[in-house]
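Structure, as structure tokens:
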Amino acid sequence: FLRHARSRNYVSESEICKLESVPLDFGDYHPLKPITVTESKTKKMNRKGSTSSTSSSSSSSMMDPLSSVLDGTDPLSLFAAAADPVATTTDSTRKKRDKDDSSAVGSDFELWSTKRGEILARYTTTEKLSINLYMGSEKGKATTTGSAVSEKVRTRLEELDDLEEGSQKELLNLTQQDYMNRIEELNQSLKDAWSSDQKVKALKIVIQCSKLLSDTTVIQFYPSKFVLITDILDTFGKLVYERILSMCVDSRVSLTDNFSPETVNDTAKETCLNWFFKIASIRELIPRFYVEAAILKCNKFLSKTGISECLPRLTSMIRGIGDPLVAVYARAYLCRVGMEVAPQLKESLNKNFFDFLLTFKQIHGDTVQNQLVVQCVEIPLYLTLYSPAIDWILQCIAYRAPEILLTEMMERCKKLGNNALLLNSIMSAFTAEFIAARSMDFIAMIKECDESGFPKHLLFRSLGLNLALADPPESDHLQILNEAWKVITKLKNPQDYINCAEVWVEYTCRHFTKREVNTVLADVIKHMTPDRAFEDAYPQLQSIIQKVITYICDFSLLFSV
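Following this line, the structure appears as structure tokens:
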């Protein structure tokens, strides 16, 4: 038989075999700087670890024989230090510079904490709620010897299983305020269990709370429930991270903000792995996802690529969540954690959103429709429940994103049917300049939306908010106003009407004369006078007057309106 040489890809082989390039900061390095010999104090370290300056303390007693002759310095080093002031940069300045460089999220990024109160105030319910409280257990409290490792592991697993075997108490018929109080009690119980060194109990509480996020029996309250439960998850993630970080600090060495896994001692790594193994043993998907996402930052102790490897896997896990509302909030939480611990990994965030687009049609599927019939919830109200999650996901993706990415996302949304919900979130999350430059494109998309789903007047309101911040092309000014006001003036509900009119009055004042402003104000009076509807709209009417006064500075013109 004939023997053929195997095909070779020399380019890829060269990339694989190439040595890793390490950027060199010449501000810290100079060949003529004095050599500092360090003496390792850490036990059980390999040869590589013992030479690391971050895991050893400097020894002044061990000196280079040649340097000792010259009182610890040599003339060339002194000359280099005098000629190169960069070499004398202090450690504190260097640490501050490194910290500033690594901060990828600036003050222009709107934090989740600013949205929390608005969500809790908006998504309320008068229906009765239920919650399961952890009651504790006497199982697994027997002492075990230090040598019986397998027995100890089995005991801990039994303690986790005990949560699913009836160590809970279900509380029924709770009002919304009672429910929020119970959640706060669980948050306090978590802190108390942690401070008393009952780590397994703390984990049980977090698992129990995460399970509540799979319950959509009172669906209109779900966004507020998400806010309350993720507060507990955030607390847990912070406690675990600080616990492991404290194990890396001793009297000799403290980790910097941008530490590497090589500087973390074995005990801290083992504890960190132990937490991930415990979480991996959680049987149900939703609590397993949320608890692992909560401690995502702890991957920094194990590997440089730990977070970048976990984010795609957690994104894929969400595909197993059947309820589209539960799934989109899981995606929002992953984006929230990802922006906190690794904002530079935008690829994973983009994949998260594109996964959502693939499953978007589930929102209008039979399963969801049947659920809404049972709970007597209309589809327009149901769609508004998605807004906080989708708005947040898009805000994370759009932050300092190139315009080509925003254009691609807009084109993808065009191809989806019933896309009013996505369109509204895009106009809320993308920059006002991006929206204003494409105002006529957005108006065309709004006109094609199904009125029975997401109301068109809300879409025009979102567009108007952007046009109050950025100017559209001058040639489109009049056409934009005409298209928007055609929809606004047909609104029968006074509250819907005034909420839209208030926004578009500012656009009219910015770009038109007294004649157009007068026409708009006359239309406002016409809609708000019948049945004294204006009595429920004083804040909006006051806002309209303030905008008119702001943009019309000529008092003779103002009083002629």
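Counting in this note's numbering, the sequence shown tops out at residue 1196, every number present.
Note that the Cβ used here is the ideal one computed from N, Cα and C, for glycine as well.
Own chain partners of residue i with C-beta closer than 8 Å, once the 5 adjacent residues on each side are dropped
i, result
"S943", "A977, L980 and S983"
"N985", "I1032 and L1040"
"L949", "F924, E927, A928, L931 and L969"
"D1171", "P1129 and Q1130"
"L868", "V841, C844, S845, Y925, V926, A928, A929 and Y968"
"L847", "I766, N767, K860 and I864"
"L809", "K763, L764, S765, I766 and R817"
"I1078", "L1098, I1115, E1118 and A1119"
"C634", "An answer regarding residue 634 cannot be provided, because it is not within the stretch 636 to 1196 covered by the chain."
"C1011", "none"
Own chain residues within Cβ distance below 7 Å of residue i, not counting five before or after
i, result
"V1138", "R1096, G1099, L1100 and A1103"
"I956", "L920, I921, A962 and A965"
"F744", "Y1034"
"D1091", "It is worth fixing the name first, because residue 1091 is Lys in this sequence and not Asp. Counting only Cβ-Cβ distances below 7 Å, and skipping sequence neighbours, we find I1081, C1084 and V1122."
"Q1175", "I1133, N1134 and E1137"
"E1068", "A1105"
"S1060", "S1022, I1025, D1026 and L1029"
"T851", "Y857, D958, L960 and V961"
"F760", "Looking at the sequence provided, one finds Thr at residue 760 rather than Phe. Around T760: Q811, V853, Q855 and F856."
"G1088", "I1014, P1015, L1018, N1053 and A1055"
"T1124", "D1158"
Where residue i sits in the DSSP three-state scheme
i, result
"L937", "coil"
"I766", "strand"
"L949", "helix"
"N808", "strand"
"K913", "helix"
"R643", "coil"
"I651", "helix"
"L1126", "coil"
"C1048", "helix"
"S1191", "helix"
"C907", "helix"
"V1009", "helix"
"N893", "coil"
"F995", "helix"
"Q1004", "helix"
Limits of the alpha helix (DSSP H) - the one that residue i falls within
i, result
"I1184", "Y1173 to Y1186"
"R966", "P959 to V976"
"I1115", "H1112 to I1123"
"I818", "Q811 to S830"
"D1076", "S1074 to E1083"
"D866", "Y857 to M882"
"R757", "S748 to R757"
"V1196", "Note, V1196: premise wrong, no alpha helix (DSSP H); not H, not E."
"V1155", "K1149 to M1163"
"A1215", "Because the chain is modelled from 636 through 1196, residue 1215 falls outside the range shown and cannot be assessed."
"R1096", "K1091 to L1102"
"E927", "L920 to A929"
"D1026", "S1022 to A1033"
"S1060", "A1055 to A1064"
"I1014", "I1014 to T1019"
Whole-angstrom distance between residue j and residue i, CA atom to CA atom
i, j, result
"A1036", "A1105", "18 Å"
"K935", "S895", "7 Å"
"D1076", "C1188", "33 Å"
"I1133", "G752", "24 Å"
"F903", "M882", "Note that residue 903 is Ala in the sequence shown, not Phe. Each residue's Cα considered, the two are about 6 Å apart."
"A1024", "Q823", "26 Å"
"M815", "Y1017", "22 Å"
"E1046", "T749", "30 Å"
"I1200", "L946", "Nothing about residue 1200 can be read from this structure; the chain reaches only from 636 to 1196."
"C907", "I879", "7 Å"
"F991", "A1055", "15 Å"
"S675", "E905", "Low per-residue confidence applies at S675: pLDDT is 42, beneath 50, and the placement is therefore not dependable enough to give any value."
"K1049", "Q1006", "27 Å"
"S649", "K939", "23 Å"
"Q1181", "E1038", "34 Å"
"L993", "G1000", "13 Å"
"I1070", "F912", "46 Å"
"K1161", "L1126", "12 Å"
"G941", "C933", "9 Å"
"I914", "L1058", "37 Å"
"L1094", "L825", "42 Å"
Proximal residues to residue i (C-beta, below 6 Å), its chain only, five neighbours per side dropped
i, result
"W829", "A837 and L874"
"L807", "S765"
"V972", "A928 and L931"
"G872", "A929 and I930"
"F989", "none"
"M1044", "none"
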